Amino acid sequence: MPTCFKKLVAICQEEIESHGNSGMEVQSELVVDSENTTYYKDDEVSHITTDLLDPSVGSDRYKALQKYLSIGEQLYQKACQVDAKIHGFETHIRRPYFHVKPLDVSQLENWHQYLDFVEVQGDFDWAVKLYERCLIPCANYPEFWMRYVEFMEIKGGREIANFALDRSTKIFLKSIPAIHVFNAWFKEQTGDVFGAHAAFVQYETESDSSFIENVIKEANMKKRLGNFAAASNIFKEALAIAVEKQKFHILPNLYIHFSRLEYMVHI
């Protein structure tokens, strides 16, 4: 147990003794309690602290001091366990800096496990700092950006989530279709329809399959929002782009999906 906490307990003990109580009784109880730690809930800790600071409770302050020492031991043991976990994760971080060379599987798993651990601790600032650290060596991995965005949204940090999306789609992963599709999905889920549409427009890939996939996803988004006219226009624009770029081989696929949409509108 830390020396500073022991000093605090000693000060409390002296203060209790100054009110005419027996120090021998306190010392005996404290030794027994430190060897047989009892675990207390948060609401119990609050009441114990109140009793310890209230001279009017008389001899019950002995019991409060005994419990207070147990609480200190409880928190100390928990802190030691957390510190050991952190040390293990930190030891396995081999590359804390950015590099174009891919990370090995064990490094990626360590970051995921480290984030899992910190997320359940309930410390928002700690989680943000770790995510930002993680995204330095893991900047080229969409799953970490997506995970960061989703966690921030759950915890009420939408501004941080949107800032992460901007960095990923405009700087680090601007040529990766998956992050743009995720960006559009996130904007749709949070009610930013204009942002969702802009996310699809932002990335225009040279890959025919990705182009078709993005067209279908954007049209489906409009359909889910009940805007069938806009969904239809997306296919019309895509067909025009395909003709303009002389990608005639993708026209049949686009027409098939366009026909399905038109059929659903008119049934």
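Numbering (the working numbering), first residue to last: 222 to 488. By construction, the Cβ of each residue, glycine as well, lies at the ideal position given by its N, Cα and C atoms. It should be emphasised that the depicted structure is a prediction, and the values quoted were computed from it without experimental measurement.
Same chain, Cβ closer than 8 Å to residue i, neighbours up to 5 away in sequence not counted
i, result
"residue 434", "398, 402"
"residue 303", "342"
"residue 347", "339"
"residue 363", "389, 394, 397, 399, 400, 403"
"residue 411", "374, 379"
"residue 321", "361"
"residue 328", "313, 314, 315, 316, 358"
Span of the alpha helix (DSSP H), counted from its first residue to its last, around residue i
i, result
"residue 473", "472-487"
"residue 466", "Premise fails: residue 466 is in no alpha helix (DSSP H) and is neither H nor E."
"residue 441", "429-445"
"residue 386", "379-388"
"residue 400", "398-410"
"residue 415", "414-423"
Backbone CA spacing between residue i and residue j [nearest angstrom]
i, j, result
"residue 366", "residue 295", "36 Å"
"residue 395", "residue 299", "43 Å"
"residue 290", "residue 345", "29 Å"
"residue 431", "residue 453", "19 Å"
"residue 484", "residue 380", "40 Å"
"residue 447", "residue 334", "40 Å"
"residue 469", "residue 441", "23 Å"
"residue 421", "residue 439", "7 Å"
"residue 498", "residue 376", "Because the chain spans 222 through 488 in this model, residue 498 falls outside it and cannot be assessed."
"residue 472", "residue 374", "38 Å"
"residue 293", "residue 308", "22 Å"
"residue 487", "residue 445", "16 Å"
"residue 462", "residue 413", "26 Å"
"residue 480", "residue 306", "56 Å"
Cutoff 6 Å; reference residue i; Cβ partners in own chain excluding five residues on either side
i, result
"residue 467", "none"
"residue 416", "408"
"residue 418", "none"
"residue 477", "none"
"residue 352", "369"
Neighbourhood of residue i by C-beta, 7 Å cutoff - its chain only, sequence neighbours within 5 removed
i, result
"residue 459", "436, 475"
"residue 455", "436, 439, 440, 443"
"residue 429", "468, 471"
Presumed contact (8 Å Cβ cut-off) between residue i and residue j, rounded CB distance
i, j, result
"residue 457", "residue 451", "Not confirmed; about 10 Å, so no contact."
"residue 356", "residue 370", "No, residue 356 and residue 370 are not in contact; Cβ-Cβ is about 11 Å, not under 8 Å."
> Going along the chain, which unbroken runs of the alpha helix (DSSP H) with 4 or more residues stay wholly within the segment 276-362?
Replying inline: 281-312, 326-340, 345-355
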